[in-house]
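Okay, so here's the structure we're looking at.
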Amino acid sequence: MKKVSQPVYDMVIDKDVEITLRDGVRLKADVYRPKGRGKFPAIINLGPYMKDKVWVPPGDLEEKPNPYMNWEAVNPLWWVPRGYCAVRVDTRGSGQSPGETDPFSLQEATDFYDAIEWSAQQPWCNGNVGTSGISYFAMTQWLVANLQPPSLKAMIPWEGAADMYRDLAYHGGLFCFGFVTNWYNNHMAHHLLGRRDQASPDAFSKNWLWQFMRNSLDNGWWQGRQPQWDKIKVPFYSAGNWSGMGLHLRGNTEGYTRAASKHKKLRIHAGTHYHPFYAEEARLDQLRFFDHWLKGIDTGIMKEPPVKLLIRTGGGGPYKTWRHENEWPLKRTRWTKFYLQPAMAEHGAKTDVEGKLKKTAPKTPAKLTYPTSAVSKAGVASASWTSTAVGSLGRLGISYETEPFDEDTEVTGPVNLVLWVSSTVEDMDIYATVRNIGPDGNDIWEIGQQQQQVPVAKGWQRASHRKLDPKLSKPYRPYHAHDERQWLKPGEMVQVQVEVWPTCMVFRKGHRIRLDIQPRDGIGSAPYTHYQGDYNTGGKNTVYMGGSHASYILLPIIPAAR
Numbered sequence: 012m013k014k015v016s017q018p019v020y021d022m023v024i025d026k027d028v029e030i031t032l033r034d035g036v037r038l039k040a041d042v043y044r045p046k047g048r049g050k051f052p053a054i055i056n057l058g059p060y061m062k063d064k065v066w067v068p069p070g071d072l073e074e075k076p077n078p079y080m081n082w083e084a085v086n087p088l089w090w091v092p093r094g095y096c097a098v099r100v101d102t103r104g105s106g107q108s109p110g111e112t113d114p115f116s117l118q119e120a121t122d123f124y125d126a127i128e129w130s131a132q133q134p135w136c137n138g139n140v141g142t143s144g145i146s147y148f149a150m151t152q153w154l155v156a157n158l159q160p161p162s163l164k165a166m167i168p169w170e171g172a173a174d175m176y177r178d179l180a181y182h183g184g185l186f187c188f189g190f191v192t193n194w195y196n197n198h199m200a201h202h203l204l205g206r207r208d209q210a211s212p213d214a215f216s217k218n219w220l221w222q223f224m225r226n227s228l229d230n231g232w233w234q235g236r237q238p239q240w241d242k243i244k245v246p247f248y249s250a251g252n253w254s255g256m257g258l259h260l261r262g263n264t265e266g267y268t269r270a271a272s273k274h275k276k277l278r279i280h281a282g283t284h285y286h287p288f289y290a291e292e293a294r295l296d297q298l299r300f301f302d303h304w305l306k307g308i309d310t311g312i313m314k315e316p317p318v319k320l321l322i323r324t325g326g327g328g329p330y331k332t333w334r335h336e337n338e339w340p341l342k343r344t345r346w347t348k349f350y351l352q353p354a355m356a357e358h359g360a361k362t363d364v365e366g367k368l369k370k371t372a373p374k375t376p377a378k379l380t381y382p383t384s385a386v387s388k389a390g391v392a393s394a395s396w397t398s399t400a401v402g403s404l405g406r407l408g409i410s411y412e413t414e415p416f417d418e419d420t421e422v423t424g425p426v427n428l429v430l431w432v433s434s435t436v437e438d439m440d441i442y443a444t445v446r447n448i449g450p451d452g453n454d455i456w457e458i459g460q461q462q463q464q465v466p467v468a469k470g471w472q473r474a475s476h477r478k479l480d481p482k483l484s485k486p487y488r489p490y491h492a493h494d495e496r497q498w499l500k501p502g503e504m505v506q507v508q509v510e511v512w513p514t515c516m517v518f519r520k521g522h523r524i525r526l527d528i529q530p531r532d533g534i535g536s537a538p539y540t541h542y543q544g545d546y547n548t549g550g551k552n553t554v555y556m557g558g559s560h561a562s563y564i565l566l567p568i569i570p571a572a573r
């Protein structure tokens, strides 16, 4: 192991330090720094989670509770002794900072820029600033990197969505109602109904939710909330989570493949949203990266292959097999089409699988039709708030399965579901779920970001948003423009490509891949659920297969090492 910083410093804390921004607003920050007169690199995060709100982590976290732990931020008791300053900033209009909160905005990115440059100029800083943190603290890193603050020398966006339209708010054009509304309202409640704090009376007062819903196409309003990949040139370590479907994972892989940075790394782990960040193995990777770029120590990390993947084998782990790769997607991938075709159920058999997935395209045209909506205990009530709730509904849509695999089969990379479809109504919502089915017919679950059970992968697409950007689309990863709506005509057959977010799974011998195609969120969706449009209530959707309209799912099969 190459040399890394060792824990030799005591810690001092500067509370409620003022950071004066270019418009005169003064943000409040806490600075945790090594004791003494030395100059050290700063690790800064900026967000609305209240710097003074102590996080009590779960008992099995590898870093133990202490009075300085804060949700999704670095632990000062680990970093400061190793010669780093931890700067924790309440974003404008949150915690101790005055103003109007506007998450993931150009204003917030500009404030972050000013906070980075302020940190670099302090007597305890050596002029080198890094950014780190999970989720919100990663998302803002992509946005401030657009602005190229000169003192930002490296960043670690850990599980961080980047494009707030495609990654956070609108998955395939479908509004992520469950997460976005709950997240915003929950943190408004923390500020206004929790332990009351009048330091920020305008916290979360902006009509942010209305703006997010009002701008349902990728119009100019979103530009300040999206990465400008050609402008992101800072060295970074992008860390994603295979379970991060519905939030974050897409941002980490897109960032690695598209950012202009010459020095970048990609890591994808598994499990919850917080355990991996604080694991000893992960902290060492973070330390090696920052030691290299902020202290000039040759830790060897930049000489290693740029991609590091945790390989999942089913059941949630704990997984221990890490594999280094030279690129993403993997060069040796065997892109394999599994074609959709209907299956005849055996007489008297009870099955919830209507079709098969086969490597050969069916020659005979076929189709399967299913309702766009189902009856709940309250009936079909598209105008009721209950129409957006998950539960009390029977199974919807159609499912397809492979035959049991005759050997372990690895699927690692992006996935594209290409469907020929029609509907009796003006639009069609496609929710795709990839599942791992064991020999007993039951799901093999993974551990989700919030410790919930999740399947292998998910993708979403609204048919009216099917327009592709030809410059950015790949055969394995469609890129949708989302700049206009192409409404369906009753019975009109169109091709829709569904971006299924990247995944990794070794499907064991005897296991099957099941693909669900549904008109609303399926199993393992919460809390990343979506708004069900009232326009498609009471219709019928059709998927076409075979002949000149073969539908298929393109899977990244990784050949076994010989």
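Residues in the sequence shown are numbered consecutively from 12, following my numbering.
Every residue gets a Cβ at the ideal spot worked out from N, C-alpha and C, and that includes glycine.
In this text the structure is predicted, and so the values were computed from the model without any measurement.
In the DSSP assignment, Leu220 falls within the unbroken alpha helix (DSSP H) covering 219-225. Boundaries of the beta strand (DSSP E) harbouring Leu428: 420-434, taken from the DSSP string. Residues of the same chain with a CB within less than 8 Å of the CB of Val465, apart from the 5 flanking positions on each side, are Ser254, Met256, Trp456, Glu457, Ile458, Gly459, Gly535 in chain order. In this structure, DSSP gives Lys306 a helical state, which the three-state scheme calls helix. When only Cα atoms are considered, Ile441 and Arg343 end up about 30 Å apart. In this structure, DSSP gives Phe518 an extended state, which the three-state scheme calls strand. Contiguous alpha helix (DSSP H) elements confined to the segment 436-511 do not occur, taking only those with 4 or more residues. In the displayed model, Ser143 falls within a strand according to three-state DSSP. Pairing Gly366 with Leu351 gives a Cβ-Cβ distance under 8 Å. When C-beta atoms of the segment 473-480 are compared with those of the segment 490-500, three or more pairs fall below 8 Å, so the two segments count as touching.
In summary, Gly231 is exposed, with fewer than 16 beta-carbon neighbours lying within 10 Å of its beta-carbon over all protein chains present.
Considering only Asn453, Leu298, Glu265, His202, the residue with the shortest C-alpha distance to Met61 is His202. Here the C-alpha atom of Glu503 lies approximately 37 Å from the C-alpha atom of Asn193. A residue is called buried once 16 or more other Cβ atoms fall within 10 Å of its Cβ, and Glu315, having fewer, is exposed. Residue environment for Pro212: exposed (fewer than 16 other C-beta atoms within 10 angstroms of its C-beta). For the beta strand (DSSP E) assignment, the uninterrupted runs of no fewer than 3 residues enclosed by the segment 207-284 are, from N- to C-terminal side, 247-252, 275-280. In this chain, the alpha helix (DSSP H) harbouring Gly189 covers 188-203.
Contact between the segment 63-77 and the segment 287-305 is present: three or more C-beta pairs spanning the two stretches fall below 8 Å. In this structure, DSSP gives Gln132 a state outside helix and strand, which the three-state scheme calls coil.
Rounded to the nearest angstrom, the gap between the Cα atoms of Glu421 and Pro340 is 14 Å. Contact between Leu320 and Thr423 is confirmed by a C-beta separation of about 7 Å, below the 8 Å threshold. Rounded to the nearest angstrom, the Cβ distance from Leu154 to Ala131 is 19 Å, too far for a contact under 8 Å. Counting the other CB atoms within 10 Å of its CB gives Pro501 a total below 16, which places it among the exposed residues.
The straight-line gap separating the alpha-carbon atoms of Leu566 and Met199 is approximately 41 Å. For Gln529, the number of other beta carbons within 10 angstroms of its own is at least 16, and it is reported as buried.
Around the beta carbon of Glu265, 16 or more other beta carbons sit within 10 angstroms, so the residue counts as buried. Of Asp241, Lys64, His284, Leu260, the smallest CA-CA separation from Ile145 is found for His284.
Collapsing the DSSP output to three states places Lys314 in a helix. Selection Tyr176, Met224, Leu298 evaluated against Gly235 yields Tyr176 as nearest (Cα-Cα). When the five nearest sequence neighbours on each side are left out, the beta carbons in the same chain lying within less than 6 Å of the beta carbon of Glu83 are those of Gly144, Ile145, Ser146, Phe148, in order along the chain. Taking C-beta atoms as the reference points, Val91 and Arg44 count as a pair closer than 8 Å.
Beyond the five residues adjoining it in sequence on each side, Asp363 comes within less than 8 Å, by CB distance, of Arg406, Ser410 in the same chain, given in chain order. Secondary-structure assignment with DSSP links Trp153 through no beta bridge to anything. Within the DSSP secondary-structure output, Leu38 pairs in a beta bridge with Ile30. If only uninterrupted alpha helix (DSSP H) runs of at least 4 residues are considered, those enclosed by the segment 27-110 are 87-90.
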